[in-house]
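Residue numbers (the working numbering): 2 to 286.
The beta-carbon is built from N, C-alpha and C at its ideal position, and this holds for glycine as well.
Written out below as structure tokens is the structure these notes cover.
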Ligand code: ATR
């Protein structure tokens, strides 16, 4: 049977096969989606990449998802990248179009679609984002198109936050957006309308988090992209501060929405809300 893969190292934790194999069966596609751990040794990794490219050319592999730590390490085997990668600087999907092997990024669109279609929330004017890694790049590459008024970027390593902001300023997608760069001790002065955690902050009990969510707008949205728990520490804090549970979510819907966008690239099928909700239920088991 022809294959699709999710590639990472480690990869055992990945939930993507569960989601994709469910949709593949539902839509009668005779493909199998599997996990594949690639080597961290540069030489072996280079050979593995070439082998994957060959198998995609020969149609043995239909498509690939890429996760940590390889999202920026596939450029050299691609024929082209799509528009989403220019801003996001990372690839989470490989697909074939007109015989060409293309790299794309569906994280940002997955995030924005989940906000709009799953939670009926429009991108607001005042956004705070924690973290400046690959996930932050992916999400902001799409959010910025809605031209928010201000984005507070808070990160442990200030230079990485600066790099991220420079990337988006240079692209000039939203010249009217004000960017602020801060470390993790910063408390936002104005009511935050969308709070996004892309960092590992909150994963350990010893992280100090008292300065967050104090200025959340009552109508604001808290999105923690981690999904190791039904309610993350930030979700629990938001709950304590009175944020409505419908606007206080973990990363499950983003995961499923980015998967749905990948499915569309591979099979040209636009999944419907029911497919999304069924996948969410699968992850509860
Ligand atoms: P991803 O590519 O998935 O976004 P990442 O870049 O490895 O993941 O990490 C995401 C963010 O978590 C980074 O911004 C990182 O901060 P640094 O830029 O300072 O490395 C942040 N992070 C990781 N561990 C952290 C910790 N213990 N405390 C605070 N932030 C942390």
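Do residue i and residue j have their CB atoms nearer than 7 Å?
i           : j           : result
residue 34  : residue 18  : yes
residue 130 : residue 234 : no
residue 16  : residue 284 : yes
residue 115 : residue 248 : no
residue 223 : residue 127 : no
residue 270 : residue 28  : yes
residue 147 : residue 181 : no
residue 82  : residue 111 : no
residue 92  : residue 67  : yes
residue 195 : residue 157 : no
residue 10  : residue 51  : no
residue 159 : residue 199 : no
residue 1   : residue 80  : Since the first residue of the chain shown is 2 and the last is 286, residue 1 is not available in this structure.
residue 214 : residue 239 : yes
Have a look at the DSSP bridge pairing and note the partners of residue i.
i           : result
residue 183 : 155
residue 126 : In DSSP, residue 126 forms no bridge with anything.
residue 231 : In the DSSP output, where bridge partners are listed per residue, residue 231 has none listed.
residue 81  : 103
residue 55  : DSSP lists no partner for residue 55.
residue 197 : 130 and 224
residue 96  : 103
residue 135 : Its beta-bridge partners do not exist; DSSP assigns none.
residue 34  : 5
residue 255 : Bridge partners of residue 255: none, in fact.
residue 250 : 224
residue 67  : 8
residue 217 : 193
residue 62  : 4
Among the options, which residue has its Cα nearest to the Cα of residue i?
i           : options               : result
residue 139 : 279, 255 and 201      : 255
residue 221 : 243, 100 and 93       : 243
residue 144 : 156, 171, 23 and 108  : 108
residue 63  : 268, 278, 203 and 141 : 268
residue 188 : 122, 212 and 112      : 212
residue 57  : 179, 78 and 176       : 78
residue 37  : 44, 14 and 20         : 14
residue 280 : 160, 24, 216 and 215  : 24
residue 252 : 2, 185 and 136        : 136
residue 134 : 202, 110, 275 and 99  : 202
residue 149 : 155, 178, 162 and 262 : 178
residue 183 : 132, 50, 231 and 45   : 132
residue 231 : 263, 117, 282 and 53  : 282
residue 266 : 8, 12, 190 and 21     : 21
residue 32  : 47, 142, 278 and 65   : 65
residue 3   : 12, 59 and 39         : 59
residue 217 : 53, 48, 125 and 274   : 125
residue 219 : 229, 191 and 204      : 191
residue 8   : 155, 208, 49 and 117  : 49
residue 100 : 123, 54, 30 and 121   : 54
residue 262 : 106, 141 and 98       : 106
Just to confirm, does residue i get its C-beta within under 6 Å of one of the non-hydrogen atoms of the ligand FMN?
i          : result
residue 23 : The ligand content of the structure shown is limited to the ligand ATR, which means the ligand FMN is not among them.
Are any of the Cβ atoms in chain B nearer than 7 Å to that of residue i?
i           : result
residue 234 : Of the chains in the structure shown, none is chain B; there is only one protein chain.
Requested in this report: For the segment 78-95 and the segment 165-183, state whether three or more C-beta atom pairs, one from each stretch, are separated by less than 8 Å.
Outcome: Output reads yes: the segment 165-183 touches the segment 78-95.
**Report entry** Touching by the beta-carbon criterion (3+ pairs, under 8 Å), the segment 238-252 and the segment 63-80
**Finding:** Taking a cut-off of 8 Å for Cβ pairs, the segment 238-252 and the segment 63-80 do not touch, as fewer than three such pairs fall below it.
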